[in-house]
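In UniProt numbering, the protein residues as written are 1 to 370.
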């Protein structure tokens, strides 16, 4: 796994010299070329998957529920990444050298960093919102579409700040060891560069990972307790059908989150190990390149896992039946309560208000179907 980076890095060659960005790969070109073809195929699949999901979210209002807002932002970022980092890295790998000079290298690295960082934060938002709805069902009305949009925008803005730190001097974006892709400089031994690796590992990987594990664990135990109460004949806020729906939603979030962790963990480990090892004894360029490519393919796995686990989607097209059910239960989902529905009258339905602390507060209210 170790490799002497002094053998491939010319410290006398300035970053401003075009030759620095045009040198051929120091590793086996045939292997790199195969990975390049794979990345180009992944780019095409990512554009199709993410583009289809984006169209579905825009076309069908029933899909734009509060928890799905976070997924919409992830898909949007994935679509942009599929159009940029995968084609740039893939075509350069096919030619066994970087083709897009310094500007293209920095753009590719910035988009990859922004996508990975924002995706981890957005997945945290999706898990926390679902956890809040399960644990605090009577306050679930506060989890609205607009609030989720604001939270998602803040998450991306924070990720953007972290992304710009190397641009302003805390570390830098440069060529990876294989010289067909770009990332943060993780083989320089300057203190500021090493400190940024630690910072990145903690705020982009460790903290989101802890939040995801805790939030999803609490949600699973919350649903389990509700299911046990129903089986014991105890009245709860959710009925059996609603608990089953929440279980499927939680399953979708957990599988999507697991896919993200699975694809990015090897690359995160490389960053952590490289913080203790310099260019004279570091991870081999081929190993780091494979891990980087695997991480970048998360633009495929995240939407794919979501499509396969969501009851609102089929593999190719939107399931209209599921959408009709989603629209019919949209307002019930907002209050996290399956209220009794009375006969329809003049385009409205009569719905009982959720149980409150004062039993006298229970009154029927009219809710117009969108």
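The beta carbon of each residue, even a glycine, is placed where N, CA and C say it ideally should be.
Span of the beta strand (DSSP E) around residue 183: Along the chain shown, read from residue 1 onward, the residue named residue 183 stands at position 183. Counting along the chain, the beta strand (DSSP E) containing residue 183 begins and ends at 182 to 184.
Candidates 17, 24, 32, 23: closest to residue 288 by CA position: On the chain shown, position 288 is the one that residue 288 refers to. Residue 32 holds the alpha-carbon nearest to the alpha-carbon of residue 288 among 17, 24, 32, 23.
Classification of residue 41 by the beta-carbon crowding that lies within 10 angstroms, buried from 16 upward: In the chain shown, counting from the first residue as 1, residue 41 sits at position 41. Its Cβ having fewer than 16 others within 10 Å, residue 41 is exposed.
CB of residue 255 within 8 Å of CB of residue 290, strictly: Locating residue 255 in the chain shown gives position 255, where the first residue counts as 1. Locating residue 290 in the chain shown gives position 290, where the first residue counts as 1. For residue 255 and residue 290, no; Cβs fall outside 8 Å.
At least three beta-carbon pairs within less than 8 Å, the stretch 256 to 275 to the stretch 136 to 148: Taking 8 Å as the limit for Cβ pairs, the verdict is that the stretch 136 to 148 does not touch the stretch 256 to 275.
Beta-carbon gap between residue 122 and residue 152 smaller than 8 Å: Here residue 122 corresponds to residue number 122 of the chain shown, with the count starting at 1. Here residue 152 corresponds to residue number 152 of the chain shown, with the count starting at 1. In this structure, residue 152 lies closer than 8 Å to residue 122 by Cβ.
Bounding residues of the beta strand (DSSP E) (the contiguous stretch that carries residue 163): Sequence index remark: in the chain shown, residue 163 carries index 163 (1-based). Where residue 163 is concerned, there is no enclosing beta strand (DSSP E), although the alpha helix (DSSP H) it sits in stretches over 145 to 164.
Endpoints, alpha helix (DSSP H) assigned at residue 132: The residue labelled residue 132 in the question sits at position 132 within the chain shown. Segment 101 to 135, the alpha helix (DSSP H) holding residue 132.
Own chain, CB closer than 8 Å to residue 76, minus 5 neighbours either side, in chain order: Position 76 of the chain shown, counting from 1, holds the residue named residue 76. Closer than 8 Å at the Cβ level, and outside the excluded window around residue 76, lie 50, 54.
Residue 97 vs residue 15 beta-carbon contact at 8 Å: For the purposes of this step, residue 97 is taken as the residue at position 97 of the chain shown. For the purposes of this step, residue 15 is taken as the residue at position 15 of the chain shown. Judged by their CB atoms, residue 97 and residue 15 are not nearer to each other than the 8 Å cut-off.
Environment of residue 221 [buried if 16+ CB atoms lie within 10 Å]: In the chain shown, the residue the question calls residue 221 occupies position 221. When all chains shown are included, residue 221 counts as exposed.
C-alpha distance - residue 85 paired with residue 78, whole-angstrom precision: Position 85 of the chain shown, counted from the first residue, corresponds to residue 85. Position 78 of the chain shown, counted from the first residue, corresponds to residue 78. Whole-angstrom Cα-Cα distance: 10 Å.
Beta-carbon proximity list for residue 219, same chain, < 7 Å, skipping 5 on both sides: On the chain shown, position 219 is the one that residue 219 refers to. For residue 219, the CB contacts under 7 Å within the same chain, skipping 5 residues up- and downstream, are 130, 131, 134, 250 in chain order.
Nonlocal neighbours in the same chain, by C-beta distance under 6 Å from residue 162, ignoring five residues either side: Sequence index remark: in the chain shown, residue 162 carries index 162 (1-based). Closer than 6 Å at the Cβ level, and outside the excluded window around residue 162, lie 117.
Residue 173 - containing alpha helix (DSSP H), residue span: Position 173 of the chain shown, counted from the first residue, corresponds to residue 173. Where residue 173 is concerned, there is no enclosing alpha helix (DSSP H), although the beta strand (DSSP E) it sits in stretches over 173 to 175.
Residue 283 (DSSP reduced to helix, strand or coil): As a working note, residue 283 is residue 283 in the chain shown. In this structure, residue 283 counts as strand in the three-state DSSP scheme.
Any 3 or more C-beta pairs closer than 8 Å across the stretch 97 to 109 and the stretch 162 to 177: Touching, yes, given that three or more Cβ pairs across the two stretches are closer than 8 Å.
Range covered by the alpha helix (DSSP H) that runs through residue 15: Here the question's residue 15 lines up with position 15 in the chain shown. Going by DSSP, residue 15 is part of no alpha helix (DSSP H) at all; its letter is neither H nor E.
Neighbourhood of residue 71 by C-beta, 7 Å cutoff - its chain only, sequence neighbours within 5 removed: For the purposes of this step, residue 71 is taken as the residue at position 71 of the chain shown. The answer, listed in chain order, is 126, 306.
Delimiting residues of the alpha helix (DSSP H) encompassing residue 74: As a first step, residue 74 is located in the chain shown; it is residue number 74 there, counting from the start. For residue 74, the enclosing alpha helix (DSSP H) has its first and last residue at 66 to 94.
Beta-carbon contacts of residue 197 that lie in its chain and below 8 Å, excluding the five residues immediately before and after: Taking the first residue of the chain shown as 1, we reach residue 197 at position 197. Scanning its chain for C-beta atoms nearer than 8 Å, with the 5 sequence neighbours on each side dropped, one finds around residue 197 the residues 171, 184, 186, 271, 272, 274, 275, in chain order.
Per-residue DSSP class, three states only, for residue 46: Position 46 of the chain shown, counting from 1, holds the residue named residue 46. If DSSP states are grouped into helix, strand and coil, residue 46 belongs with the helices.
Residue 208 beta carbon less than 8 Å from that of residue 124: In the chain shown, counting from the first residue as 1, residue 124 sits at position 124. In the chain shown, counting from the first residue as 1, residue 208 sits at position 208. Taking 8 Å as the Cβ cut-off, residue 124 and residue 208 qualify as a contacting pair.
Given residue 398 as reference, the closest of 110, 22, 252 once Cα atoms are compared: It is not possible to answer for residue 398, since the shown part of the chain is limited to 1 through 370.
For residue 26, the three-state DSSP class (helix, strand or coil): The residue you call residue 26 lines up with position 26 of the chain shown. In this structure, residue 26 counts as coil in the three-state DSSP scheme.
Beta-carbon proximity list for residue 343, same chain, < 6 Å, skipping 5 on both sides: For this step, residue 343 is matched to residue 343 along the chain shown. Only weak support is given to the placement of residue 343: the predicted model assigns it a pLDDT of 41, under 50, and the question is left unresolved by the model.
Residue 90 beta carbon less than 8 Å from that of residue 39: In the chain shown, the residue the question calls residue 39 occupies position 39. In the chain shown, the residue the question calls residue 90 occupies position 90. The answer is yes: Cβ separation under 8 Å.
Endpoints, the alpha helix (DSSP H) within which residue 194 is located: Residue mapping note: residue 194 aligns to position 194 of the chain shown, counting from 1. Residues 191 to 200.
Bridge partner(s) assigned by DSSP for residue 139: Taking the chain shown and counting its residues from 1, one reaches residue 139 at position 139. Per DSSP, residue 139 has no beta-bridge partner at all.
Contacting residues, own chain, Cβ-Cβ under 7 Å from residue 155 (five flanking each side not counted): Position 155 of the chain shown, counted from the start, is the residue given in the question as residue 155. Correct list, in chain order: 118, 121, 122, 125.
Cα-Cα separation between residue 34 and residue 44, rounded to whole angstroms: Here residue 34 refers to the residue found at position 34 of the chain shown. Here residue 44 refers to the residue found at position 44 of the chain shown. Rounded to whole angstroms, residue 34 to residue 44 spans 16 Å at the Cα level.
Heavy atom of the ligand SAM within 7 Å of residue 64 beta-carbon: The ligand SAM is not among the ligands present in this structure, which contains no ligands whatsoever.
Assigned exposure category for residue 283 - 16 Cβ within 10 Å defines buried: Here residue 283 refers to the residue found at position 283 of the chain shown. Result: buried.
Residue 158 vs residue 94 beta-carbon contact at 8 Å: Residue mapping note: residue 158 aligns to position 158 of the chain shown, counting from 1. Residue mapping note: residue 94 aligns to position 94 of the chain shown, counting from 1. With respect to residue 94, residue 158 sits apart: the two C-beta atoms are not nearer than 8 Å.
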